[in-house]
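The sequence shown begins at 153 in my numbering and counts up by one. Each residue gets a CB set at the ideal place from its N, CA and C atoms; glycine is no exception. These notes are about the structure you will find just below.
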Amino acid sequence: MIKPTAELRYEGALLNRRWRLGPRLGAGGQGRTFLAKDESVQRGERVVVVKELKLGGAAGWKEHDLFERESRVLKQLAHPGIPRCLDQFEAGPGELYLVMERAPGLTLKELAARDRFDEPLLRDVMQRTLEILVYLHGRSPPVIHRDLKPANLLRADDGAISLVDFGGVRDVLRLDGGSTVVGTFGYMAPEQLHGEAT
């Protein structure tokens, strides 16, 4: 769990002459994420999330494709439950960055580790999550997240839900099936697991 914002230190690299890196939030198959401070803000403080991807190896082209797709899709979305994309840039060869609004709250994974969810809370979380999915799936073409899990859903103090980590997003549906397997085992649908999502 991250400390309150006032206690955080932002002493990392200054990216794109604007985003001062702070503490690392996590790391996964699609890179690392950091909190960062917007140095262009004159009054107050604006904290954002920066996703870093350093390409390398034979799979670099696929990672680059997924990263480009994530930033393209996020720039097109406008929903209160999806953090907006604020910036995208390449800092050096194979060093890609995506800057997004910071969603308030803790992940459902963190909340579940601290307390048991009762039925009314579960219903509320499900309804709010489904509202986000209805928005995504109602777009043309539909946007499929492909990694829906407790670690990618945040719940704010007022109950608002945010869906994050669009690293596996798909915005073009292939009628013939066949796709790269993206997601987290234990959470993905069987057809997604077998690369047969249509």
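| query | result |
| --- | --- |
| 7 Å Cβ shell around L238 - same chain, five flanking residues per side excluded | V200, V251, M252 and E253 |
| For V277, the three-state DSSP class (helix, strand or coil) | helix |
| Cβ neighbour criterion (16 or more within 10 Å) applied to K189 | buried |
| DSSP-derived helix/strand/coil call for V225 | helix |
| Nonlocal neighbours in the same chain, by C-beta distance under 7 Å from P302, ignoring five residues either side | T259, L260, K261 and A264 |
| Counterpart residues of R176 in DSSP-defined beta bridges | F186 |
| First and last residue of the uninterrupted beta strand (DSSP E) at E242 | C237 to G244 |
| Extent of the continuous beta strand (DSSP E) run through L205 | V199 to K206 |
| Whole runs of the alpha helix (DSSP H) within the stretch 249-293, excluding any shorter than 4 residues | 260-266 and 271-289 |
| Inter-stretch contact (C-beta, 8 Å, three-pair minimum) for the stretch 272-291 and the stretch 307-317 | yes |
| From V286, L274, E163 and W213, residue whose alpha carbon lies closest to that of G246 | W213 |
| Within 8 Å, strictly: CB atoms of R298 and V321 | yes |
| C-beta atoms of G183 and L205 nearer than 8 Å | yes |
| L167 versus E271: straight-line alpha-carbon distance, rounded | 44 Å |
| Neighbour-count burial assignment, V163, 16 or more Cβ in a 10 Å radius | The amino acid at residue 163 is misidentified as Val; the sequence shows Glu. Exposed, by the Cβ-count rule. |
| A308 burial status per 10 Å Cβ neighbour count (16 or more: buried) | exposed |
| Proximity winner among R236, Y249 and V193, relative to L218 (alpha-carbon distances) | Y249 |
| Three-state secondary structure assigned by DSSP to E247 | strand |
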